[in-house]
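Below is one structure, written out as structure tokens, with a few remarks after it.
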Amino acid sequence: MAPKAKAALSDRSNRRDDVLEAAAALFASKGYAATSIRDIAQQVGILSGSLYYHFASKEELLLEAHARGVAQVTEAVEGALAAAGTPPWERMAAACCAHLEVLLGPSPFSQVITPQFPSHFDGDVRATLLQQREGYEDIFRTLVSALPLPATVSPRLFRLSLLGALNWTPTWYQPGGSESPASIAGGIVDAFRLQLDPGA
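So the sequence shown is numbered by full-length UniProt numbering: it starts at 1 and just counts up by one.
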């Protein structure tokens, strides 16, 4: 490929990423319904018509932004688990720490991967959003299945309750405060662990 063609391809890819990041940030701050194609284009500094050169619709932007967010948090959690030891609670704590660091981090895609986000949609869009996150949910299903939970505790309800506690954190978290994402995640996991498995 000629140098000029390579440069043009690189510029196109960078602009596409810029559009996607702007869309994710606006979806998180304004909501999907309140965000227009014009809003996204203005954020990037291009004409609305030019945006369609990169994405066919606002729906396509949403689905790709969500997929990007899921990929980011999956990569972070899998990396944390690869470095963690074998004790089940230790692995759960490592996964929850990585999950929360992404959720509370600077990525514009983090807020479009919260469980509350798909609830705003229905039909094919909701189905696709849920399908995109299924592999990530499987990681936590596996982690929960390895925990020494009492027989009276539903693994499904435990998983949903734990993730719910983690995913609620952005509503009250203060960046730069005394508690880091890691310490918050550790505290949440400990609260569950000490109630269900005090000897762990």
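C-beta: ideal position from N, C-alpha, C; glycine also.
These figures come from a predicted structure and were not determined experimentally.
The alpha carbon of Ala95 has as its nearest neighbour, out of Ser29, Arg159 and Val19, the alpha carbon of Arg159.
A Cβ-Cβ separation of about 5 Å places Leu104 in contact with Pro181 under the 8 Å criterion. Ile46 has its alpha-carbon roughly 49 Å from the corresponding atom of Pro88.
When the Cα atoms are used, Ala76 and Thr171 turn out to be separated by approximately 22 Å. The Cβ atoms of Ile113 and Gly69 lie closer than 8 Å to each other. Counting only the Cα atoms, Ser107 lies some 30 Å from Ser145. Annotation: Tyr32 to Leu100 spans about 23 Å, alpha carbon to alpha carbon. Here Ser178 is exposed. Its C-beta has fewer than 16 other C-beta atoms within 10 Å.
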